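Under the numbering used here, think of the first position of the sequence shown as 27, with each following residue one higher.
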Amino acid sequence: GGGWGLARAAIMAAIAAWEGRGPETELAARLLEHFAVDSFRTLAGKVYSGELSRSQLGRAAPLVIELAEGGDAVATAIVDDAAAEYAGYIRAGATRLGLGRAVHVGYAGGVLSRAPVLRAAVDRCVQRHGITVTRWVPGSSLTGAAHCALDAAGVAMTDDVLTAVLDATAGLKTQATGA
Numbered sequence: 027g028g029g030w031g032l033a034r035a036a037i038m039a040a041i042a043a044w045e046g047r048g049p050e051t052e053l054a055a056r057l058l059e060h061f062a063v064d065s066f067r068t069l070a071g072k073v074y075s076g077e078l079s080r081s082q083l084g085r086a087a088p089l090v091i092e093l094a095e096g097g098d099a100v101a102t103a104i105v106d107d108a109a110a111e112y113a114g115y116i117r118a119g120a121t122r123l124g125l126g127r128a129v130h131v132g133y134a135g136g137v138l139s140r141a142p143v144l145r146a147a148v149d150r151c152v153q154r155h156g157i158t159v160t161r162w163v164p165g166s167s168l169t170g171a172a173h174c175a176l177d178a179a180g181v182a183m184t185d186d187v188l189t190a191v192l193d194a195t196a197g198l199k200t201q202a203t204g205a
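Structural data, given as structure tokens:
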């Protein structure tokens, strides 16, 4: 999932395009440029040898998002596949926890934070199953726990309250880690 999953799917699609097994995509040239390699043989070698870490691979995710926003059909399909995966998690969680059809979704990490196109695709996927995301809550598991506690206490989760929770939980994390 996340950035690594998007980048992995993009590399596989770009290799398929290069080999003539898949549709043409701007991802092919852009990924070679992003990873500063001259061929997919070199890129595949770096991926399979472990020379490129998951984190390094994940840094290509914004490229996939950019190309999807620009209309590249292959990049759009990758984003849609990722959205379907996220939507599956949301549906399963809402069902197992008996949350009903209107849910708040907490998330951490960079892809959902910086990819409105992905969040919109997730919204469309869950709506097809009768679920509506009423609020996207960025942060960490600590932020999510604070959000749930405030919600259970009847505190309205306004933008100001959410900002205060994010600031407070970031402060706690800083104190705990010394960073």
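Virtual Cβ for every residue (Gly too), placed ideally from N, Cα, C. As the structure is a prediction and not an experimental result, all values here were calculated from the model.
For Val152, the closest alpha carbon among the candidates Gly180, His130 and Gly170 is that of His130. Excluding five sequence positions before and after Glu50, the CB atoms of its chain that fall closer than 7 Å to its own CB belong to Ala43, given in chain order.
About 10 Å separates the Cβ atoms of Ala36 and Ala108, ruling out a contact at the 8 Å cut-off.
For Arg117, the enclosing alpha helix (DSSP H) covers residues Ala99 to Arg122. Within its own chain, no residue has a Cβ closer than 8 Å to the Cβ of Arg47 once the five positions on either side in sequence are excluded.
Inclusion of Ile91 and Ala141 in the CB contact set at 7 Å is warranted, their separation being smaller than that value. In this chain, Ala179 is not harboured by any beta strand (DSSP E), its DSSP state being neither H nor E.
Here the region 157 to 168 lies against the region 121 to 139, with 3 or more beta-carbon pairs under 8 Å apart.
Relative to Arg117, the option among Asp98, Gly96 and Val148 whose CA is nearest is Val148. Under DSSP, Val131 takes part in a beta bridge, and its partners are Trp162. Looking at the backbone, the Cα of Arg80 and that of Asp64 are separated by about 21 Å.
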